[in-house]
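Novice: In my numbering, each residue's number is its place in the sequence shown (first place is 1) plus 458.
The beta carbon of each residue, even a glycine, is placed where N, CA and C say it ideally should be.
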Amino acid sequence: MITELLNFTDAHKRCQDEGGILAEIPDMEAQRAINEKFPFYCNPDIWIGVNDIEEEKNFVNMLNEAVSYKNWYSGEPNNKDPKFIDDDGDCVRISSGVWRDASCSNTFPALCSQRQTIECKCPCSRMKNRVIIKNEEELLTKIDKMKKELAVKISLLSSSIRKKTCAVDPRPSASIVGGTISVVIIATVVGLIILSDLTRVINFCWKIILKRCNRKTRAAQKGMV
Ligand SMILES: [Ca+2]
Ligand SMILES: [Ca+2]
């Protein structure tokens, strides 16, 4: 709701500034709700998003669509505004809970809706601050500037972050440390495997030695006999 007294055009612009448009009343239920929220004995008339500016008696909403629900006061629309005799009545206001066509130059509060406008059917919040650069040189300068702003200083990254980001680590210490750690890990694993089987290896060798000793002993005994 725009409470400031504005003419029809300015009221619509203000609604657009708020992200909407001058509101259309879709049905009787909505009209009743509005009349309850803004009782006529407390408020002046209110602009709504209905007009016949383009074609007389062809009342449309702010998207230039035909208006299905209408709530005219008896005798309206008459293309007249008692306060502006010389002007046409091409813009619609709620007055005492019903509609009157009135001069668009008149000033009233306005009822806005959040419906998007024809000029901005895409997400308005994103398009609102867009900057269009048509000059190629200016565009390239802007891209270079953004690159510098977004560039990451690789030298400040830790080695783990470098690996995650696939950034090359040019530091000699990184490759030396990495190589040393790899060798230590491999040596440790191999050592553990050997240690775990060492007892079996010793027993196996000891059995072979004993067998050979026994054979030699038996051969010697046979020779003596
Ligand atoms: Ca009219
Ligand atoms: Ca009228």
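Distance, Cα to Cα, residue 569 vs residue 480?
Specialist: The sequence position of residue 569 within the sequence shown is 111, counting from 1. The sequence position of residue 480 within the sequence shown is 22, counting from 1. Taking the straight line from one Cα to the other gives about 6 Å.
Novice: Tell me whether residue 566 sits in a helix, a strand or coil according to DSSP, three-state version.
Specialist: Here residue 566 refers to the residue found at position 108 when the sequence shown is read from its first residue. Strand at residue 566.
Novice: From which residue to which residue does the alpha helix (DSSP H) around residue 462 run?
Specialist: Within the sequence shown, residue 462 is the residue found at index 4, counting from 1. Residue 462 -> not in any alpha helix (DSSP H); beta strand (DSSP E) instead, spanning 460-464.
Novice: Taking Cβ to Cβ, would you say residue 503 is nearer than 8 Å to residue 552?
Specialist: Against the sequence shown, residue 503 aligns to sequence position 45. Against the sequence shown, residue 552 aligns to sequence position 94. Cβ distance < 8 Å, so residue 503 and residue 552 count as in contact.
Novice: Reducing DSSP to helix, strand and coil, say where residue 504 ends up.
Specialist: If you number the sequence shown from 1, residue 504 lands on position 46. Note: residue 504 maps to strand in three-state DSSP.
Novice: Give the residues whose C-beta lies closer than 7 Å to at least one heavy atom of ligand 1, in chain order.
Specialist: 510, 514, 515, 535, 537, 546, 547, 548 and 559
Novice: Have a look at residue 575 and residue 484 and give me their C-alpha separation to the nearest angstrom.
Specialist: In the sequence shown, counting from the first residue as 1, residue 575 sits at position 117. In the sequence shown, counting from the first residue as 1, residue 484 sits at position 26. Note that residue 575 scores a pLDDT of 49, beneath 50, so its modelled location is shaky and nothing firm can be said.
Novice: Give a yes or no on contact between the segment 526-536 and the segment 556-570, applying the rule of three or more CB pairs nearer than 8 Å.
Specialist: yes
Novice: Using a threshold of 7 Å, is the CB atom of residue 539 nearer than that to any non-hydrogen atom of ligand 2?
Specialist: Taking the sequence shown and counting its residues from 1, one reaches residue 539 at position 81. Under cutoff, so the answer is yes.
Novice: List the endpoints of the continuous alpha helix (DSSP H) containing residue 492.
Specialist: For the purposes of this step, residue 492 is identified with residue 34 of the sequence shown, where counting begins at 1. 486-495 is the span of the alpha helix (DSSP H), which, as asked, contains residue 492.
Novice: Distance check for residue 599 and residue 606, CA to CA, integer angstroms please.
Specialist: Taking the sequence shown and counting its residues from 1, one reaches residue 606 at position 148. Taking the sequence shown and counting its residues from 1, one reaches residue 599 at position 141. Using only the alpha carbons, I get a separation of about 11 Å.
Novice: Closest to residue 470 by C-alpha separation, out of 547, 496, 554 and 563, would be which residue?
Specialist: In the sequence shown, counting from the first residue as 1, residue 470 sits at position 12. Nearest option by C-alpha distance: 563.
Novice: Alpha carbon to alpha carbon, what distance is there between residue 668 and residue 657?
Specialist: Here residue 657 is taken as the residue at index 199 of the sequence shown, counted from 1. Here residue 668 is taken as the residue at index 210 of the sequence shown, counted from 1. The alpha-carbon atoms of residue 657 and residue 668 are separated by roughly 16 Å.
Novice: Check the C-beta distance from residue 549 over to residue 509 and give it rounded, since I have them as a contact under 8 Å.
Specialist: The count along the sequence shown starts at 1 and reaches residue 549 at position 91. The count along the sequence shown starts at 1 and reaches residue 509 at position 51. Confirmed, Cβ separation roughly 5 Å.
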